[in-house]
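Under mature numbering (1 follows the signal peptide of the UniProt record, and there is no 0), the letters of the sequence shown match residues -30 to -1, 1 to 526, in that order. Even for Gly, the Cβ is constructed at its ideal location relative to N, Cα and C. What you are looking at is a predicted structure, and each value in this text was computed from that prediction instead of being measured.
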Amino acid sequence: MSPSGEVVASVSSALAVLLVLLACVELGDAAAAVGVYRLIQYDLAGAPLGSRAAALNHHAAAFPLPAGADLSRSALVAPLLDLPLAFLREYLAEKKHLGGLLILLPRNISAKNVEGNNDDKGEPKNVLAELEKLLMHEEVPFPVYFAFHDDNLDNLLADIRKIASSGQPASASTGGYKLVVPSAEPKKVSSPTISNIQGWLPGSKGEGDAEQLPTIAIVANYDTFGAAPALSVGSDSNGSGAVALLEIARIFSRLYSSPKTRGKFNLLFGLTSGGPYNYNGTSKWLRSFDQRVRESIDYAICLNSVGSWSHDLWMHVSKPPENPYIKQIFEDFSDVSKEMGISVGIKHKKINVSNSRVAWEHEQFSRFRVTALTLSELSTPPEFLESTGGLYDTRESVDVESVMRTVKLVSEILARQIYGLRGRNIDVFADNSSLAISPHYIRSWLDLFSRTPRVAPFLQKNDPFIVALKKVELSEHTTDVHVQNDVLDGMFTFYDATKSTLNVYQVASVTFDLLFLLVLGSYLIVLFSFLVITTRGLDDLINIFRRPPSRKVKGA
């Protein structure tokens, strides 16, 4: 080959390789990669619930859908307020095939609907609560993911709708966008752990007093349950109750730090786990106590969802309101609440010991014959696995002032009983005093709770959050701090893969692929012919395609 021929051959080969590489880059270019959060997958008493699939690899589609659209190979992308619940109910009830579902959540879920006039859509919080209820209590055969609106996803949604408006929904033959979540088969979470954290403020005995001091317990569960475990922060349920407990422990630790102001009651603080699961952790915690400790508990105050009320709180009890002891406790609450300008009502619900369902935390105390109550902004007990820290329960739904009023109410009632101040209008925790309730402290802990998903099976016993509650907080304000780790009862089975990365690819149609291969093949044939002619001549090229002469076989 002549030098000029070698140069031409080299340039032509490089151009061919470059063309192939450019085509591969164009066909495999990822338009976006975003974090997504998977719908919970769990079994309840052997019944499969939640999303039963995790891997996703389908072309994207969006509303409005053409009549009779086949979505078995499509991943539907829908903003929260554009997703008709009737559509989902139909697909689940009739077991229709759907490739996958990506639900786009607003950044501020607590914000009111800006359109305002569309009653069918409602507010994001109400729509999301109804959506969660539907998805968590049904077996969903397709992968469901949640993501927050951002520029990439908004642009993607606009492009998908533009493609759909052309009358040709995205498919392998038309091109469009493909959504890919490369996830392995979800595995069962083995031996899910629940962790109960307790701390004491021991009271002061008088000289020669040999009797055990009475104990008042302040309790709150801190874990959550929701449609997306990686997003279930439960700012109000029950982050607000746990934060109120921490502040009560902090201000009483100042009183109990001095022998002169230490009361003649022990104060027991308990942060319990397993709240959404019939307060399973509370039951195990109480069972771990010595009988004498349980008998020493005068009564227990359980704090639940106290972060978004303005005037009315409710005291839930298992014993009849006519019970003398319950009557006295309610009078204490009524007296202080009137001074604060708020209202505390009482709700009685008799427990059924033969029924495993536990609606309020104080009911577990009642099963051990310990007087207890639950203080909550909720006037009625929530349904099973509801109001336990869902997607709508975010930091924006909690008011610091509400938590401060709760702390003030409970602390003043405790102080009047401990120090014999009943019937005397004395403000023990007055503003601007050394015992004043700290809004900064409450706000800081609410912010931390609102950034920390706390679904018990996915919260390990050595998780930094649990370590912070024990070592940083309760250990600073109380004594004899202890963490009890136990296994959640076997009624529930949970699966991992709670979050992943969604890759969005812009793909060309099959027609484009075939056309590209045709052009590339033609180019390679021309290149081959050119190289043969320049190196060996036209005759050799012709001989390549000429049928070889047949050979006659001579007979023997």
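Best match in the options for proximity to residue i [C-alpha to C-alpha]
| i | options | result |
| --- | --- | --- |
| Gly399 | Thr376, Ser161 and Arg413 | According to the sequence shown, residue 399 is Phe rather than Gly. Ranking Thr376, Ser161 and Arg413 by Cα distance to Phe399 puts Thr376 first. |
| Leu68 | Ala56, Leu55 and Val110 | Val110 |
| Ile396 | Arg365, Gly38, Ile383 and Pro18 | Ile383 |
| Pro152 | His28, Tyr493 and Ala212 | His28 |
| Glu301 | Ser253, Arg337, Gln387 and Thr358 | Gln387 |
| Ile267 | Thr341, Leu26, Arg224 and Leu71 | Thr341 |
| Pro18 | His107, Leu35, Glu100 and Leu46 | His107 |
| Lys230 | Leu283, Tyr389 and Glu356 | Tyr389 |
| His318 | Phe419, Ser307, Leu101 and Pro351 | Pro351 |
| Val97 | Ile133, Ile130 and Ala56 | Ala56 |
| Glu102 | Arg59, His332 and Ser253 | Arg59 |
| Asp206 | Val373, Ser313 and Leu379 | Val373 |
| Ser243 | Ser161, Val6, Lys148 and Val425 | Val425 |
| Lys66 | Leu50, Pro54, Leu46 and Leu41 | Leu41 |
| Leu429 | Pro199, Arg43 and Ile133 | Pro199 |
| Gly70 | Glu64, Glu292, Ala385 and Ala31 | Ala31 |
| Asn208 | Leu418, Ala438, Pro434 and Ile503 | Leu418 |
| Ile79 | Glu64, Leu50, Leu72 and Ala63 | Leu50 |
| Glu353 | Ala438, Gly245, Pro434 and Gly507 | Gly245 |
| Ser280 | Asp305, Met310, Ile296 and Arg413 | Met310 |
| Thr259 | Ser492, Phe335, Pro427 and Asn248 | Note that residue 259 is Phe in the sequence shown, not Thr. It is Phe335 whose Cα lies nearest to the Cα of Phe259. |
Same chain only: Cβ atoms within 6 Å of residue i, ignoring 5 sequence neighbours per side
| i | result |
| --- | --- |
| Gly86 | For Gly86, the predicted model reports a pLDDT of 43, less than 50, meaning its position is unreliable; a value from the coordinates is still stated below. Contacts found: none. |
| Asp13 | Thr463 |
| Leu(-10) | With a pLDDT of 48 at Leu(-10), under the threshold of 50, the modelled position of that residue is not reliable, and the figure given next carries that caveat. Here the set comprises nothing. |
| Val453 | Ser165, Ile167 and Lys440 |
| Tyr61 | Leu68 |
| Lys254 | Asp456 |
| Asp89 | Low confidence applies here, because Asp89 scores a pLDDT of 48, under 50, leaving its location unreliable and the question unanswered by this model. |
Beta-carbon spacing of residue i, residue j below 9 Å
| i | j | result |
| --- | --- | --- |
| Ala197 | Leu74 | no |
| Gly233 | Gly173 | yes |
| Leu343 | Ile271 | yes |
| Asp466 | Val159 | yes |
| Val150 | Leu348 | no |
| Thr422 | Val203 | yes |
| Ser223 | His447 | yes |
| Ala154 | Ala25 | yes |
| Leu355 | Phe116 | no |
| Glu333 | Ile316 | no |
| Thr252 | Lys431 | no |
| Val451 | Gly211 | no |
| Leu225 | Leu391 | no |
| Phe338 | Arg394 | no |
| Arg43 | Ser470 | no |
| Ser420 | Arg365 | yes |
| Leu35 | Ala128 | no |
| Ala45 | Leu72 | yes |
Proximal residues to residue i (C-beta, below 7 Å), its chain only, five neighbours per side dropped
| i | result |
| --- | --- |
| Leu216 | Trp415 and Glu443 |
| Arg77 | Phe118 and His119 |
| Phe33 | Ala48 and Asp52 |
| Glu(-5) | Because Glu(-5) carries a pLDDT of 42, less than 50, the predicted location of this residue cannot be relied on, and the following value inherits that uncertainty. Excluding positions up to five away in sequence, the list is empty. |
| Gln11 | Gly20, Ser21, Arg22, Pro156 and Tyr465 |
| Ile407 | Glu217, Ile221, Met374, Val377, Lys378 and Phe399 |
| Ile299 | Tyr269 and Leu343 |
| Ile412 | Val213, Glu217, Val370, Val373 and Met374 |
Cβ-based neighbour list, residue i, same chain, cut-off 8 Å, excluding 5 preceding and 5 following
| i | result |
| --- | --- |
| Asn122 | Ala1, Ala2, Val4 and Val474 |
| Asn513 | none |
| Glu100 | Leu55 |
| Leu283 | Val276, Ser307, Ile312, Ser313, Val314, Gly315, Leu345, Ser346, Glu347, Thr376 and Leu379 |
| Ala15 | Met461 |
| Leu126 | Ala1, Ala2, Ala30, Val47, Tyr147 and Val474 |
| Ile130 | Ala30, Ala31, Ala32, Val47, Ala140, Gly146 and Tyr147 |
Test: residue i CB closer than 9 Å to a CB of chain C
| i | result |
| --- | --- |
| Ser403 | Going by chain labels, chain C is absent from the structure shown, which holds only one protein chain. |
Is the number of C-beta pairs between the stretch 464 to 477 and the stretch 256 to 264 that are closer than 8 Å three or more?
Segments in contact, no.
Output the residue ranges of the beta strand (DSSP E) runs that lie fully inside the stretch 398 to 438 and measure 3 residues or longer, sorted by chain position.
Listed in chain order, nothing qualifies, since the stretch 398 to 438 has no complete beta strand (DSSP E) run of 3 or more residues.
Ranges of the alpha helix (DSSP H) found wholly within the stretch 221 to 308, counting only runs of at least 4
DSSP runs (the alpha helix (DSSP H)) wholly in the stretch 221 to 308: 250 to 258 and 261 to 266.
Indicate whether the contact test is met: 3 or more Cβ pairs, each with one atom in the stretch 189 to 209 and one in the stretch 276 to 284, closer than 8 Å.
The stretch 189 to 209, when compared against the stretch 276 to 284, does touch it at the 8 Å Cβ threshold.
Would you be able to state if there are at least three C-beta pairs under 8 Å between the stretch 357 to 370 and the stretch 317 to 332?
Touching, no, given that fewer than three Cβ pairs across the two stretches are closer than 8 Å.
Inside the stretch 338 to 402 only - beta strand (DSSP E) runs reaching at least 3 residues
List check, beta strand (DSSP E) in window: 342 to 346.
At least three beta-carbon pairs within less than 8 Å, the stretch 223 to 237 to the stretch 450 to 459
In short, these stretches do not touch, since the Cβ pair count stays below three.
What ranges does the alpha helix (DSSP H) occupy inside the stretch 37 to 79, keeping only unbroken runs of at least 4 residues that lie completely in it?
Unbroken alpha helix (DSSP H) runs of no fewer than 4 residues, entirely contained in the stretch 37 to 79, are found at 55 to 63, following chain order.
Check whether the stretch 287 to 294 touches the stretch 348 to 361, counting contact only when three or more Cβ pairs, one atom from each stretch, lie closer than 8 Å.
Contact fails between the stretch 287 to 294 and the stretch 348 to 361, because fewer than three Cβ pairs, one in each stretch, are under 8 Å apart.
Which parts of the stretch 446 to 473 are runs of the beta strand (DSSP E), unbroken and 3 residues or longer, counting only runs that do not cross its ends?
The beta strand (DSSP E) runs of length 3 or more contained entirely in the stretch 446 to 473 are, from start to end of the chain, 449 to 457 and 462 to 464.
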